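J.: One structure, as structure tokens, below. Some questions next.
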Amino acid sequence: MLRAIDCTSFERHPAPSQTRDPREEAEADAPAGRGGQDMTATEAELPKIVESQATLTGIVLRAMANTNNPRLQEIMRSLVTHLHDFAREVRLSEREFDIGIDYLNRVGQATNDTHNEGILISDALGFSTLICLLNNGDDGATETDAALLGPFWRMHSPRTENGGSIVRCTTPGPALFAEIAVVDEAGQPIEGVDVDVWQASTVGLYENQDADQADMNLRGKFTTGADGKVTFRSVKPAGYPVPTDGPTGDLLRAQNRHPYRPAHVHLLGFKEGYKTLITQIFVDKDSNLESDVVFGVTRSLVGNFQEGQGPAPDGTDGPWYRLEHRLVMKPGKAELPVPPIK
Numbered sequence: 001m002l003r004a005i006d007c008t009s010f011e012r013h014p015a016p017s018q019t020r021d022p023r024e025e026a027e028a029d030a031p032a033g034r035g036g037q038d039m040t041a042t043e044a045e046l047p048k049i050v051e052s053q054a055t056l057t058g059i060v061l062r063a064m065a066n067t068n069n070p071r072l073q074e075i076m077r078s079l080v081t082h083l084h085d086f087a088r089e090v091r092l093s094e095r096e097f098d099i100g101i102d103y104l105n106r107v108g109q110a111t112n113d114t115h116n117e118g119i120l121i122s123d124a125l126g127f128s129t130l131i132c133l134l135n136n137g138d139d140g141a142t143e144t145d146a147a148l149l150g151p152f153w154r155m156h157s158p159r160t161e162n163g164g165s166i167v168r169c170t171t172p173g174p175a176l177f178a179e180i181a182v183v184d185e186a187g188q189p190i191e192g193v194d195v196d197v198w199q200a201s202t203v204g205l206y207e208n209q210d211a212d213q214a215d216m217n218l219r220g221k222f223t224t225g226a227d228g229k230v231t232f233r234s235v236k237p238a239g240y241p242v243p244t245d246g247p248t249g250d251l252l253r254a255q256n257r258h259p260y261r262p263a264h265v266h267l268l269g270f271k272e273g274y275k276t277l278i279t280q281i282f283v284d285k286d287s288n289l290e291s292d293v294v295f296g297v298t299r300s301l302v303g304n305f306q307e308g309q310g311p312a313p314d315g316t317d318g319p320w321y322r323l324e325h326r327l328v329m330k331p332g333k334a335e336l337p338v339p340p341i342k
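What follows is the structure, given as structure tokens:
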């Protein structure tokens with residue numbers, strides 16, 4: 001059973017009755033350095049058995065020293081060091097440790113074929129966006145068109161001709177006519193890019209969340225022509241709350257945060273010789289642009305959704321919108337992400 005976070009369990013704990021703060025004790029008992037124990041010390045200088053919290057981190061790191069994969073060793077060494085220092089910094093109590101472990105367990109238990117709670121909590125902590133920005137835009141140095149994949153991308157979207165519709169069942173809302181241009185860094189069109197498109201409906205639900213929508217509704221795969229463009233018909237998306245019936249929702253409520261994402265359209269560009277581009281285009285007048293619960297909005301991703309005048313391009317009645325947007329793909333490795341859902 002999912003349990004709400006008990007905020008009263010996270011009260012600041014006074015230091016135990018002692019002559020020194022535990023962190024001061026660590027500094028006094030061990031040479032200065034991250035992780036308590038000075039990791040420049042030779043193996044012979046490290047104790048074989050844990051003598052205090054100050055010596056523990058060095059002993060753990062020594063146990064991992066024979067890891068064959070150097071990148072795994074680098075990651076785990078840093079993770080353990082920062083994790084131990086985090087516990088020291090906040091003086092984590094045993095009760096809080098138990099709550100944290102239970103929370104991680106519930107994240108795993110809430111993940112299934114149609115929902116990925118692990119991605120969701122990473123998104124809500126801003127961690128997913130950080131990874132995206134660090135790995136794009138010249139390793140985080142410049143602006144990028146890349147954005148979060150999100151938890152609702154599916155493989156095998158229906159192949160659709162340019163100009164076709166991704167509306168596959170009755171879906172209310174203003175029509176959207178989109179033209180997406182894909183160019184290289186010199187601004188030249190790129191032909192033959194597979195562009196995957198997916199979005200939520202006007203009630204804020206993806207088709208795999210909504211029994212009233214047809215399978216693969218508001219999903220489609222297009223290929224850019226010689227002009228580097230794809231065009232398609234959809235409906236103007238609506239903003240929506242992320243799922244809040246699991247551990248992520250518990251955390252948002254404990255932090256007095258709203259769960260809403262601004263309206264957006266997802267796109268994924270794939271072509272051999274180019275780094276796969278995963279991105280989102282946000283509706284420019286959405287009220288949650290500046291408070292996206294997953295911190296996914298960057299300035300280059302705010303689209304210009306222009307309200308149409310006169311008859312819609314396909315002759316349908318009612319309000320409609322036009323979106324024209326340009327995306328830049330850079331040379332690199334073409335690889336598809338692991339689908340977060342089936």
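Numbering (full-length UniProt numbering), first residue to last: 1 to 342. Cβ coordinates follow ideal geometry from the N, Cα and C atoms, glycine included. Treat the numbers as computed from the prediction; the structure is a model and nothing was measured.
#1: What does the alpha-carbon distance come out to for the pair ALA54 and THR129?
#2: Assuming ARG233 is part of the beta strand (DSSP E), what are its boundary residues?
#3: Please classify HIS258: does DSSP put it in a helix, a strand, or coil?
#4: What are the start and end residues of the alpha helix (DSSP H) that includes TYR103?
#5: Is it the case that the Cβ atoms of THR279 and LEU218 are separated by a distance below 8 Å?
#6: Could you give the residue range of the beta strand (DSSP E) that holds GLN280?
#7: From the DSSP output, read off the bridge partner residues of ALA178.
#8: Following the continuous alpha helix (DSSP H) through GLY118, name the residue where it begins and the one where it ends.
#9: Closest by CA to ARG299, which one among ASN135, ASP145, ALA87, ASP138?
#10: Can you find at least 3 beta carbon pairs, one from the segment 288-295 and one from the segment 244-263, that sit closer than 8 Å?
#11: Helix, strand or coil: which one does DSSP assign to SER78?
#12: So, for GLY150: in the same chain, excluding its five sequence neighbours on each side, which residues have a beta-carbon less than 7 Å away from its beta-carbon?
#13: Can you have a look at THR57 and say buried or exposed, based on whether 16 or more other CB atoms are within 10 angstroms of its CB?
T.: Taking the definition as stated:
#1: Indexing the sequence shown from 1 puts residue 54 at position 54. Indexing the sequence shown from 1 puts residue 129 at position 129. Their Cα atoms are separated by approximately 34 Å.
#2: If you number the sequence shown from 1, residue 233 lands on position 233. First-last of the beta strand (DSSP E) with ARG233: 229-235.
#3: Translated into positions along the sequence shown, residue 258 becomes position 258. Note: HIS258 maps to coil in three-state DSSP.
#4: The residue given as residue 103 occupies position 103 in the sequence shown. 94-109 is the extent of the alpha helix (DSSP H) around TYR103.
#5: As a working mapping, residue 279 is identified with position 279 in the sequence shown. As a working mapping, residue 218 is identified with position 218 in the sequence shown. Between THR279 and LEU218, the gap from beta carbon to beta carbon reaches 8 Å or more.
#6: Along the sequence shown, one-based indexing puts residue 280 at 280. Segment 277-282, the beta strand (DSSP E) holding GLN280.
#7: Taking the first residue of the sequence shown as position 1, residue 178 is located at position 178. Looking at the DSSP assignment, ALA178 forms a beta bridge with PHE232, LEU323.
#8: Along the sequence shown, read from residue 1 onward, the residue named residue 118 stands at position 118. For GLY118, the uninterrupted alpha helix (DSSP H) segment begins and ends at 117-124.
#9: Along the sequence shown, read from residue 1 onward, the residue named residue 299 stands at position 299. Per the Cα distances, ASP145.
#10: The answer is yes - the segment 244-263 touches the segment 288-295, with three or more Cβ pairs under 8 Å.
#11: Taking the sequence shown and counting its residues from 1, one reaches residue 78 at position 78. In this structure, SER78 counts as helix in the three-state DSSP scheme.
#12: Taking the first residue of the sequence shown as position 1, residue 150 is located at position 150. So the qualifying residues of the chain are HIS266.
#13: For the purposes of this step, residue 57 is identified with residue 57 of the sequence shown, where counting begins at 1. In summary, THR57 is buried, with 16 or more beta-carbon neighbours lying within 10 Å of its beta-carbon over all protein chains present.
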